[in-house]
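Visitor: To start, I am sharing the structure in question, which I have written as structure tokens.
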Ligand code: TIU
């Protein structure tokens with residue numbers, strides 16, 4: 001067991017029973033010229049996450065932690081996309097429409113996949129999810145149970161949407177979640193700040209928040225002993 005200084009208080013964890021979850025670090029959201037930018041967003045606000053998250057990913061791999069990546073997206077025939085989700089947004093830039101990096105948020109397209117810097121390696125889990133939360137309509141719960149996971153370290157984009165939804169879903173399912181402040185990103189600086197505050201408020205109403213530097217130094221001194229991928 002090791003402990004990270006966090007808000008609202010120390011977060012104790014054992015790397016053997018803790019998974020690193022990397023949410024939706026996909027080209028459609030992060031690449032200049034992609035879907036996210038075409039909606040008028042400044043993707044540099046998300047891209048700042050790549051470097052600290054690469055370092056955290058390396059530390060988690062070195063500590064033998066289970067690593068889980070998620071991707072938001074849909075089947076090519078859109079049969080798993082609720083009509084309400086499809087109807088929303090700019091009429092010329094909807095899920096399934098042609099984008100700079102292939103059909104927007106469609107599984108198998110270049111833009112749907114994870115950025116090169118954070119590409120999954122052999123043995124890591126990739127969860128394809130049709131919703132904002134990583135538990136809805138996926139096998140995530142079964143993966144966590146099969147690996148004896150009790151706590152999650154949550155990273156990725158965007159802070160107030162998929163990171164929040166997943167953290168809330170996990171909290172309701174009994175997992176303690178640590179959200180890594182500089183490894184999550186939002187297109188909206190205000191949402192980033194308030195989104196993080198909301199997690200740790202009220203004594204950690206649905207999680208803890210720490211910086212990657214503190215987490216990496218805790219991980220460097222701790223190695224998982226019994227992870228089965
Ligand atoms: N992954 C994720 O957060 N999906 C989104 O649609 N986020 C937005 O902020 N739009």
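Numbering (the UniProt record's numbering), first residue to last: 1 to 229. All C-beta atoms in this analysis are idealised placements derived from N, C-alpha and C, irrespective of residue type, glycine included.
#1: Under 7 Å Cβ to Cβ from residue 148, same chain only, skipping five residues before and after it: list those, please.
#2: Give a yes or no on whether the C-beta atoms belonging to residue 106 and residue 76 are separated by under 7 Å.
#3: Let me know the beta strand (DSSP E) ranges lying completely inside the segment 53-121, each 3 residues or longer, listed in chain order.
#4: What is the DSSP secondary structure of residue 48, reduced to helix, strand or coil?
#5: In chain order, what residues of the same chain have a beta carbon less than 6 Å from the beta carbon of residue 3, not counting five sequence neighbours either side?
#6: Going by DSSP, what residues sit across from residue 210 in a beta bridge?
#7: Ends of the beta strand (DSSP E) at residue 20?
#8: Using the C-alpha atoms, what's the distance from residue 87 back to residue 63?
#9: Could you check the C-alpha separation between residue 52 and residue 102 for me, to the nearest Å?
#10: Give a yes or no on whether 7 Å exceeds the smallest Cβ distance from residue 99 to chain B.
Guide: Let me lay it out:
#1: The residue you call residue 148 lines up with position 148 of the chain shown. Same-chain partners within the cutoff: 17.
#2: Within the chain shown, numbered from 1, the residue matching residue 106 stands at position 106. Within the chain shown, numbered from 1, the residue matching residue 76 stands at position 76. Their beta carbons are under 7 Å apart, which means residue 106 touches residue 76 by this criterion.
#3: 66-72
#4: In the chain shown, residue 48 corresponds to position 48, counting from 1. DSSP places residue 48 in coil when its eight states are reduced to three.
#5: Residue numbering aside, residue 3 sits at position 3 when the chain shown is read from its first letter. For residue 3, where only same-chain residues beyond five positions count, the Cβ hits under 6 Å are 10 and 12.
#6: One-based indexing of the chain shown puts residue 210 at position 210. DSSP, once it has assigned bridges, lists 180 as partnering residue 210.
#7: Locating residue 20 in the chain shown gives position 20, where the first residue counts as 1. Note, residue 20: beta strand (DSSP E), 18-23.
#8: Here the question's residue 63 lines up with position 63 in the chain shown. Here the question's residue 87 lines up with position 87 in the chain shown. So the two alpha carbons sit approximately 43 Å from each other.
#9: As a position in the chain shown, residue 52 is number 52, starting the count at 1. As a position in the chain shown, residue 102 is number 102, starting the count at 1. Rounded to the nearest angstrom, the two C-alpha atoms are 28 Å apart.
#10: In the displayed structure, chain B is absent; only one protein chain is listed.
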